[in-house]
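Numbering (our numbering), first residue to last: 6 to 79.
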């Protein structure tokens with residue numbers, strides 16, 4: 006068994022994921038969501054990648070993220 010120190014400094018930490026589920030902190034989610042260092046939005050209205058309009062991208066980029074990770078499912 007390997008141990009490693011957890012340096013995560015954000016409020017929301019991805020603990021696990023599968024093709025259609027993600028565990029953030031200790032909560033399992035089975036829907037589209039947005040996670041940032043200090044925000045978790047589980048009701049952002051996007052259910053499919055085709056819905057990512059210019060306005061949605063502008064809102065996502067407003068916090069000036071270093072990385073955007075998009076999971077599109079299986």
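Just so you know, even glycine gets a beta-carbon here, dropped at the ideal spot from N, CA and C. Being a predicted model, the structure only gives us computed values, none of them experimental.
Proximity below 9 angstroms, CB of residue i to CB of residue j
i	j	result
residue 17	residue 30	yes
C-alpha distance - residue i paired with residue j, whole-angstrom precision
i	j	result
residue 65	residue 21	23 angstroms
residue 43	residue 7	29 angstroms
residue 25	residue 70	24 angstroms
Supposed close pair residue i, residue j - CB separation, criterion 8 angstroms
i	j	result
residue 68	residue 41	6 angstroms
residue 51	residue 57	7 angstroms
residue 75	residue 54	7 angstroms
residue 34	residue 47	7 angstroms
Residue i Cβ short of 8 angstroms to the ligand HEM heavy atom set
i	result
residue 39	For the structure depicted, the ligand HEM is absent and the ligand set is empty, with no information on it obtainable.
Sheet register partners of residue i (DSSP bridge)
i	result
residue 33	28
residue 21	28
residue 40	45
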